[in-house]
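Shown next, in structure tokens, is the structure this report addresses.
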Amino acid sequence: MEGTKQTHQFKTEVQQLMKIIINSLYSHREIFLRELISNASDALDKLRFKAQTDSHILGTDTELKIRITRDKKKNTLEVADNGIGMTYDEVVENIGTIAKSGTAGFLEAVGAAKNTGAVTPELIGQFGVGFYSAFIVAEKITLTTRAAGSDKGCRWESAGDGSYTIEEFTKENRGTTITLQLKKVEEGDQDFTDEWTIRGIVKRHSDFVAYPIVMDVEKTEPVIGADGKPDKDKTQKVIREETLNSMKAIWTKDKNEVTEEEHNEFYQHISHDWNPPLAHLHLKLEGTTEYNALLYLPSKAPFDLFSHEQKHGIQLYSKRVFIMENCKELMPQYLAFVKGVVDAPDLNLNVSREILQQDALVRNIKKNLVKKILELIAGLEQEKYETFYKEFAHIFKAGVSQDFENRDKIAALLRYKTTKSDGKWVSLKDYVDRMNPDQKDIYYITGESLTSLMNSPHLEVLKEKDIEVLLMTDPIDEWVIRDLHEFEKKTFRSAEKGDLDLEKTDDKKKEGYNALFEFIKSGLGEKVKDVKLSTHLKNSAACLSGDAYDMSAYMEKILKAGGQEVPPSKRVLELNMEHPLLAKIKAVFEKNKEAEILTDYTTFLYDLAVISEGGKIDDPAKFNKMIGKLTSGAVDQ
Ligand code: ADP
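Position in the sequence shown (first residue = 1) + 1 = this note's numbering.
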């Protein structure tokens with residue numbers, strides 16, 4: 002129903018988001034201008050990119066720029082661009098709903114932070130507030146826009162009170178104009194209709210934007226006399242258009258010329274993340290593969306790290322002309338969190354994504370960049386490294402499977418907590434260096450939490466032998482180990498699967514248990530694959546384990562949680578013949594193989610094993626009764 006004015010309600014999430022933004026960013030409100038300029042600059046980038054394949058799209062309006070207009074009397078501020086613009090449907094889609102992935106995660110994080118009063122600008126900045134931040138300073142926003150190549154425009158308006166109106170609108174030129182009816186200026190507040198206020202904000206936050214940001218300013222100039230020369234004694238006030246930003250592409254500057262502040266601002270501009278980056282890489286390569294790159298490692302993972310449509314990755318330029326955003330062809334997926342700019346002068350501007358994938362130059366640049374980024378990560382000082390690892394390890398580790406060429410380098414960057422590390426991260430190299438002299442393999446165990454792993458009965462023998470075990474709690478570790486297989490020629494060995502072969506077994510004693518184990522096995526039927534003497538247990542009576550090539554219990558849980566069909570895998574019930582309970586059961590068994598209580602013991606041993614790995618047992622009431630019986634000394638019936 003275009004043509005008439007329509008009123009729509011904002012989506013609930015938008016309303017929630019706007020409230021959060023307005024309430025928590027008031028003291029940082031000048032950032033609204035950066036956000037609007039950033040959107041305008043993106044819109045110009047998109048237009049310029051389109052113009053490379055469609056030369057008519059620019060028409061006569063070829064000077065791409067962003068214009069800021071102040072009106073003190075009306076108390077309005079306007080940001081206009083002649084970029085790609087939006088169609089009616091795009092406005093409905095982009096402004097008013099939240100197309101952004103990660104919104105739910107963000108609102109959740111804010112909800113959690115609210116209780117502790119920690120809704121900080123950084124938290125919000127991570128999400129990228131964009132357009133809505135204008136409501137911090139405006140009581141009403143009017144957006145008019147016309148998409149490039151379309152003759153119909155559209156007008157959107159809202160007072161940020163839960164609803165907006167939208168209607169068709171005749172707009173003369175292409176692009177988007179955003180008009181803010183500013184809130185009344187309180188004493189001591191910044192006045193956004195003031196020339197110097199705006200100059201300052203643009204310089205601070207948007208100096209390197211690649212398009213001129215222009216504004217009319219009042220100047221006092223000498224009057225030109227009849228002779229055509231300035232008359233020194235007479236001055237007049239004139240309005241002149243001035244460009245407020247230097248537009249200097251900072252990646253073309255000399256490394257030492259770029260200050261930390263400039264890096265921070267530039268990083269914010271390209272990433273929409275307010276937290277300063279953890280580290281940067283500034284490269285200028287000449288020779289056969291010529292390019293400039295300015296890349297950043299963020300200090301916080303964005304809410305949409307796992308989204309397939311991550312927006313702000315690597316921007317590709319050629320001779321300072323923007324080609325595309327989020328150029329996945331330059332960064333492998335496991336480094337998708339790296340942000341920045343790559344400027345390759347030899348690239349054809351008309352290059353398409355399909356061509357990029359096969360382009361030898363691009364492949365070379367990618368190879369170089371990966372090498373340099375891995376070096377950058379390896380060189381981080383400990384505290385920064387831990388921040389990096391905390392935020393990005395779960396995505397970075399996938400490199401072990403994805404990047405065969407750099408597998409060893411990535412493996413060297415892995416860190417784990419261990420049974421001996423006292424909560425500290427340990428590298429595989431450290432682990433190997435301090436292995437016991439007669440230890441052949443690297444032991445690891447996977448599971449949901451450090452505490453449950455530390456207390457796992459599977460580690461009893463290993464602990465007694467003073468063997469360090471890597472504790473892996475990240476689901477991806479299962480894949481990491483599978484693909485890595487070994488480190489410095491030492492094989493990874495699961496502490497919970499297969500036999501440990503660490504102790505000599507008393508074969509004679511073992512034989513004595515054969516009949517009982519057979520009995521228990523047949524009693525459990527389909528529940529277990531086998532009943533065996535344990536090589537893991539020292540203090541506990543029973544545990545469940547897999548065969549060496551079985552899926553681990555944790556892996557099975559992960560896959561099931563992910564909705565995958567997992568064939569039911571039977572486990573092995575391991576029993577500890579050194580445990581007094583076993584000796585007593587054996588005595589009962591030998592006295593009377595038909596004794597009824599033996600069935601109860603069979604279930605009890607199995608239940609003990611299930612509970613020790615945090616599983617749920619079938620009949621807790623019965624288990625309870627057994628415990629009562631056992632602890633009251635009624636073991637022998
Ligand atoms: P973000 O910029 O992080 O995507 P915003 O809320 O600022 O979030 O903007 C939402 C979307 O609206 C943008 O992704 C873009 O598609 C569109 N948009 C905003 N401003 C403009 C503009 N000046 N010109 C064209 N499209 C715009």
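By construction, the Cβ of each residue, glycine as well, lies at the ideal position given by its N, Cα and C atoms.
Option in the options with minimal Cα separation from residue i
i    : options                   : result
D478 : K498, A543 and A394       : A394
M87  : Q565, D43 and I69         : D43
L362 : R175, P333 and T290       : T290
S164 : T452, Q16, S56 and G424   : Q16
K69  : D195, L59, N24 and F170   : The displayed chain sequence assigns Ile, not Lys, to residue 69. Nearest of D195, L59, N24 and F170 to I69, Cα basis: D195.
K220 : F11, K238 and E14         : K238
E355 : C328, A345 and D190       : C328
V371 : R416, L538 and I315       : I315
F132 : N95, S25, Y607 and K561   : N95
R408 : N437, V481, T177 and M436 : V481
D162 : A562, F11 and C544        : F11
K141 : L183, R435 and I23        : L183
K74  : F193, L37 and R49         : F193
H270 : S453, M248, K254 and E287 : M248
Spatial neighbours of residue i in its chain, beta-carbon cut-off 6 Å, leaving aside the 5 residues before and after
i    : result
T244 : P213 and V215
N625 : none
E242 : V215 and D217
Residue i: CB within 7 Å of a non-hydrogen atom of the ligand ADP
i    : result
N246 : no
T253 : no
E36  : yes
D82  : yes
A44  : yes
F132 : yes
V149 : The residue asked about is misnamed: residue 149 is Ala in this sequence, not Val. A149 Cβ: outside cutoff for every heavy atom of the ligand ADP.
M19  : no
H273 : yes
G86  : yes
I96  : yes
A345 : no
N257 : no
T177 : yes
Sequence-distant residues of its chain with Cβ nearer than 8 Å to residue i (five each side left out)
i    : result
A379 : K410, A413 and L414
S541 : P458, E461, N577, H580, L609 and S613
K533 : F518, V573, L574, E575 and L576
L463 : T420, Y444, V470, A496, L501, L503 and H537
CB contact flag (residue i, residue j, <8 Å)
i    : j    : result
K32  : S159 : Note on residue identity: the sequence assigns Ile, not Lys, to residue 32. In this structure, S159 does not lie closer than 8 Å to I32 by Cβ.
S207 : R35  : yes
S553 : K498 : yes
T145 : G154 : yes
F488 : V427 : no
T198 : T77  : no
D274 : I240 : no
G524 : T603 : yes
I85  : A149 : yes
L485 : Y445 : no
K285 : M332 : no
L639 : L65  : Past the boundaries of the shown model lies residue 639; the chain is included only from 2 to 638, so the question cannot be answered.
A250 : R321 : yes
L606 : I521 : yes
L279 : K385 : yes
Q403 : Q359 : no
L282 : I202 : no
D442 : T492 : yes
V342 : A294 : yes
F50  : I324 : yes
Sequence-distant residues of its chain with Cβ nearer than 7 Å to residue i (five each side left out)
i    : result
L451 : K418, L472 and T474
K571 : V529 and K530
F338 : P299, A302, L306, F393 and I396
Contact test: residue i Cβ vs the ligand FMN heavy atom, cutoff 7 Å
i   : result
N40 : No copy of the ligand FMN occurs in the structure displayed; its ligands are the ligand ADP alone.
| field | Runs of alpha helix (DSSP H) lying entirely within the region 36-114, each at least 4 residues, in chain order | value | 89-95
Which whole runs of the beta strand (DSSP E) in the region 218-305 are 3 residues long or more, in chain order? 231-244, 280-286 and 292-298
TODO: Identify every run of the beta strand (DSSP E) within the region 495-547, keeping only runs that are complete inside it and at least 3 residues long; order them along the chain.
DONE: 529-534 and 543-546
Discussion item. Which runs of the beta strand (DSSP E) at least 3 residues long sit entirely within the region 383-459? Give them in chain order.
Written reply: 416-419 and 443-447
- What are the uninterrupted segments assigned as alpha helix (DSSP H) that are 4 or more residues long and contained completely in the region 118-200, given in chain order? 122-128
Discussion item. At 4 residues or longer, what runs of the alpha helix (DSSP H) sit wholly inside the region 317-388?
Written reply: 354-359 and 361-379
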